[in-house]
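Asks: Starting off with a structure, shown below.
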Amino acid sequence: MKLCIVTHKVAKGDGQGRVNYEVTQEALRRGHQVTVVATHIAESLQKQSGFNWVPISVGKVPTELLKNLRFASLSSQWLNAHGREFDLVKVNGAITWASADVNAAHFVHSAWLDSPAHVWQQHKDAYGLYQWLYTALNARWEGRAFAQARQIIAVSAQVRDDLQKIGVASDRIQVIYNGVDTNEFYPGHCDRKALALPEVVPLAIFAGDIRSSRKNLDSVLKALVKVSGLHLAVVGNVTGSPYPALARELAVDGRVHFLGYRQDIPDLMRTSDFLVFPSRYETFGLVVLEAMASGIPVITSAATPAAELLDPEAGIVISNPDDIPTLVKEMLYLTHHPIQRKQMGIHARVIAENHSWSQMAQHYIDRFEQLA
1 MKLCIVTHKV AKGDGQGRVN YEVTQEALRR GHQVTVVATH IAESLQKQSG FNWVPISVGK
61 VPTELLKNLR FASLSSQWLN AHGREFDLVK VNGAITWASA DVNAAHFVHS AWLDSPAHVW
121 QQHKDAYGLY QWLYTALNAR WEGRAFAQAR QIIAVSAQVR DDLQKIGVAS DRIQVIYNGV
181 DTNEFYPGHC DRKALALPEV VPLAIFAGDI RSSRKNLDSV LKALVKVSGL HLAVVGNVTG
241 SPYPALAREL AVDGRVHFLG YRQDIPDLMR TSDFLVFPSR YETFGLVVLE AMASGIPVIT
301 SAATPAAELL DPEAGIVISN PDDIPTLVKE MLYLTHHPIQ RKQMGIHARV IAENHSWSQM
361 AQHYIDRFEQ LA
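With the working numbering applied, the sequence shown corresponds to residues 1 to 372, in that order.
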């Protein structure tokens, strides 16, 4: 099979980029030829037999919207000239104007636009207006892109439902959950002192973008007020974040450890007792699966589709991410029940082992081979 993948990035350190990286590796492993049309790829791919990279340079443009428009235009020109050379073309959302056989939906912008957690609902200013415009335009372009594809792959059941709401027939959608590197994220022990974290105290972890309210760190900090003794490690860029000030205002700053951007997240997961991640809006929530693979239980929200993989033996799902009393209750439970916490972590790891990146990629290529 001659496979073409159109995406901005193919690399391990990016959500969509990691999916496309693993799909590319599995296709090459099976002896298929893979051409990637992208701005950036992992160097390791260039050395592999059967792989070809078509670089798309978007140049220096001032906004993400303009970068995406330029990529869509340039990639479309290339596909219009070369698309017939391939047995199957796979894209993500409205990344290109050209039609494709398979469109992998990691995000449905029309659903995000309707969410109370959208930036425009929080910031009625120039920045909020730009975010509204960016989302609205992508929603329109996505509708056309999804209509043109033969097969849509949704990264969660929630994304599948969002696709159906905009008119995509259910028989054109297949759900393939994102994966996790179970060799990178695994149970164990790490030296908290070496990680600049307190020893011999219960420790929860929160990881994600903390510059906006979407991930819901504000509710976690408010709940922490009533969970005495629990410390919280917060991973995420603090530049422009309102949450260090909120922690001081709530008088929990002595128990909240803002670690900034970190590359040692697997170690931080292993040294934590549980993940707390009651996000207000996600299309998957990879951090939940990473915590499960690390052998720690999770507290998350029904708005985080990775919760679809959980059962009560592995984690706790709260229906309303803004229900602080319930969040307090569940954080107290995991803080004060170490035996149950350990048992839940063991079960979480078992679930994660059935959702590795390799298994995910096999599902993708199995479907591609059927379609081709």
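We put the CB at the ideal spot given by N, CA and C, even for glycine.
Can you tell which of Ala38, Val10, Val37 and Ser73 has its C-alpha closest to the C-alpha of Ser44?
Replies: Counting from 1 along the sequence shown, the entry for residue 44 is found at position 44. Selected option, being the one with the closest Cα: Val10.
Asks: What does Pro55 pair with, by DSSP beta-bridge criteria?
Replies: Here the question's residue 55 lines up with position 55 in the sequence shown. For Pro55, which the question treats as bridged, DSSP gives the partners Ala38.
Asks: Do Ile56 and Ala38 have their CB atoms nearer than 9 Å?
Replies: Translated into the one-based positions of the sequence shown, residue 56 becomes position 56. Translated into the one-based positions of the sequence shown, residue 38 becomes position 38. Contact: yes.
Asks: For Trp141, collect the residues of the same chain with a Cβ closer than 6 Å to its Cβ; drop the 5 residues on either side in sequence, then sort them by chain order.
Replies: Translated into positions along the sequence shown, residue 141 becomes position 141. Answer for Trp141: Ala94, listed in chain order.
Asks: Between Arg376 and Thr271, what straight-line distance do the alpha-carbon atoms span, to the nearest angstrom?
Replies: One cannot answer for residue 376 here, as it falls past the ends of the chain, which runs 1 to 372.
Asks: Inspect the beta-carbon positions of Thr283 and Val155 and report whether they are closer than 9 Å.
Replies: Translated into the one-based positions of the sequence shown, residue 283 becomes position 283. Translated into the one-based positions of the sequence shown, residue 155 becomes position 155. Yes. Within cutoff.
Asks: What's the C-alpha gap between Gly236 and Pro325?
Replies: Here the question's residue 236 lines up with position 236 in the sequence shown. Here the question's residue 325 lines up with position 325 in the sequence shown. So the alpha carbons of these two residues sit roughly 25 Å apart.
Asks: Between Leu374 and Pro202, how many whole angstroms is the CB-CB distance? I'm expecting something under 8 Å.
Replies: Absent from the structure is residue 374, since the part of the chain shown begins at 1 and ends at 372.
Asks: Suppose contacts are defined by Cβ-Cβ distances below 9 Å. Is Asn320 in contact with Ser294 by that definition?
Replies: Walking along the sequence shown from the start, residue 320 turns up at place 320. Walking along the sequence shown from the start, residue 294 turns up at place 294. Contact: no.
Asks: How long is the line joining the alpha carbons of Val256 and Glu249, rounded to whole angstroms?
Replies: As a working mapping, residue 256 is identified with position 256 in the sequence shown. As a working mapping, residue 249 is identified with position 249 in the sequence shown. Near 12 Å, if we compare the C-alpha coordinates of Glu249 and Val256.
Asks: Is the CB-CB distance between Leu275 and Ala352 below 9 Å?
Replies: Walking along the sequence shown from the start, residue 275 turns up at place 275. Walking along the sequence shown from the start, residue 352 turns up at place 352. No, the Cβ-Cβ distance between Leu275 and Ala352 is not below 9 Å.
Asks: For Gly260 and Val234, I'd like the C-alpha separation in whole angstroms.
Replies: In the sequence shown, the residue the question calls residue 260 occupies position 260. In the sequence shown, the residue the question calls residue 234 occupies position 234. Going by the C-alpha atoms only, they are around 7 Å apart.
Asks: Is it the case that the Cβ atoms of Asn178 and Leu289 are separated by a distance below 9 Å?
Replies: Within the sequence shown, the letter at position 178 stands for residue 178. Within the sequence shown, the letter at position 289 stands for residue 289. Against a cut-off of 9 Å, the Cβ pair of Leu289 and Asn178 comes out as a contact.
Asks: Runs of 4 residues minimum, wholly inside the stretch 231-309: which ones carry the alpha helix (DSSP H) assignment?
Replies: Those alpha helix (DSSP H) runs which fall completely within the stretch 231-309 and span 4+ residues are 243-249, 265-271 and 286-293.
Asks: Roughly how many angstroms separate the alpha carbons of Leu88 and Leu246, rounded to a whole number?
Replies: The count along the sequence shown starts at 1 and reaches residue 88 at position 88. The count along the sequence shown starts at 1 and reaches residue 246 at position 246. Taking the straight line joining both Cα atoms gives about 50 Å.
Asks: Below 9 Å between beta carbons: does that hold for Tyr281 and Ala303?
Replies: Counting from 1 along the sequence shown, the entry for residue 281 is found at position 281. Counting from 1 along the sequence shown, the entry for residue 303 is found at position 303. Yes, Cβ-Cβ distance for Tyr281 and Ala303 is below 9 Å.
Asks: With DSSP collapsed to three states, give me the class of Asn216.
Replies: Here the question's residue 216 lines up with position 216 in the sequence shown. Correct three-state label for Asn216: coil.
Asks: Taking the beta carbon of Val61 as the centre, do at least 16 other beta carbons fall within 10 Å, making it buried, or is it exposed?
Replies: Numbered from its first residue, the sequence shown carries residue 61 at position 61. With fewer than 16 other Cβ atoms within 10 Å, it is exposed.
Asks: Would you give the residue range spanned by the alpha helix (DSSP H) that Val328 belongs to?
Replies: Locating residue 328 in the sequence shown gives position 328, where the first residue counts as 1. Val328 -> alpha helix (DSSP H) spans Ile324 to His336.
Asks: If you compare alpha carbons, which of Ser241, Phe71 and Gln343 is closest to Arg211?
Replies: By 1-based counting over the sequence shown, the position of residue 211 is 211. Per the Cα distances, Ser241.
Asks: Using the DSSP secondary-structure output, state which residues sit across from Gln151 in a beta bridge.
Replies: Working through the sequence shown from its first residue, we reach residue 151 at position 151. For Gln151, which the question treats as bridged, DSSP gives the partners Val102.
Asks: With distances taken between CB atoms, is the gap from Val168 to Ile152 smaller than 9 Å?
Replies: Within the sequence shown, residue 168 is the residue found at index 168, counting from 1. Within the sequence shown, residue 152 is the residue found at index 152, counting from 1. Taking 9 Å as the Cβ cut-off, Val168 and Ile152 qualify as a contacting pair.
Asks: Going by DSSP, which residues form a beta bridge with Lys60?
Replies: Along the sequence shown, read from residue 1 onward, the residue named residue 60 stands at position 60. Answer is none; Lys60 lacks a bridge partner.
Asks: Between Val19 and Trp357, what straight-line distance do the alpha-carbon atoms span, to the nearest angstrom?
Replies: Within the sequence shown, the letter at position 19 stands for residue 19. Within the sequence shown, the letter at position 357 stands for residue 357. Those two C-alpha atoms are separated by around 8 Å.
Asks: Determine the direct distance from the alpha carbon of Tyr134 to that of Pro297, and round the result to whole angstroms.
Replies: Numbered from 1 along the sequence shown, position 297 holds the residue referred to as residue 297. Numbered from 1 along the sequence shown, position 134 holds the residue referred to as residue 134. Rounded to whole angstroms, Pro297 to Tyr134 spans 36 Å at the Cα level.
Asks: With distances taken Cα to Cα, identify the nearest neighbour of Gln148 among Cys190, Leu3 and Thr96.
Replies: For the purposes of this step, residue 148 is identified with residue 148 of the sequence shown, where counting begins at 1. That would be Thr96, whose Cα lies nearest to the Cα of Gln148.
Asks: According to the neighbour-count rule (16 or more other Cβ atoms, all chains shown, within 10 Å of its Cβ), is Arg150 buried or exposed?
Replies: Taking the first residue of the sequence shown as 1, we reach residue 150 at position 150. By the neighbour-count rule (16 or more Cβ atoms within 10 Å), Arg150 is not buried but exposed.
Asks: With distances taken from CA atoms, which of Arg367, Ala361, Asp366 and Glu369 is nearest Tyr21?
Replies: As a first step, residue 21 is located in the sequence shown; it is residue number 21 there, counting from the start. Of the candidates Arg367, Ala361, Asp366 and Glu369, the one whose C-alpha sits nearest the C-alpha of Tyr21 is Ala361.
Asks: Check each candidate in Ile318, Asp311, Ala196 and Leu79 and name the one with the smallest Cα separation from Gln343.
Replies: On the sequence shown, residue 343 is found 343 positions in, with the first residue counted as 1. Nearest C-alpha to Gln343: Asp311.
Asks: Out of Pro198, Asp253, His355 and Glu26, state which residue places its alpha-carbon closest to the alpha-carbon of Val225.
Replies: Counting from one through the sequence shown, the residue named residue 225 turns up at place 225. That would be Asp253, whose Cα lies nearest to the Cα of Val225.
Asks: Counting along the chain, where does the beta strand (DSSP E) carrying Asn20 start and finish?
Replies: In the sequence shown, residue 20 corresponds to position 20, counting from 1. Premise fails: Asn20 lies in the alpha helix (DSSP H), Gly15 to Arg29, not in any beta strand (DSSP E).
Asks: In angstroms, rounded to a whole number, what distance separates the CA positions of Asn354 and Asp323?
Replies: The residue labelled residue 354 in the question sits at position 354 within the sequence shown. The residue labelled residue 323 in the question sits at position 323 within the sequence shown. Rounded to the nearest angstrom, the two C-alpha atoms are 31 Å apart.
Asks: Whole angstroms is fine: what's the gap from Asn92's alpha carbon to His337's?
Replies: Here residue 92 is taken as the residue at index 92 of the sequence shown, counted from 1. Here residue 337 is taken as the residue at index 337 of the sequence shown, counted from 1. Approximately 43 Å, taken between the alpha carbons.
Asks: Report the residue from Val54, Gly17, His40 and Gly15 whose alpha carbon sits nearest the alpha carbon of Val34.
Replies: In the sequence shown, counting from the first residue as 1, residue 34 sits at position 34. Nearest of Val54, Gly17, His40 and Gly15 to Val34, Cα basis: Val54.
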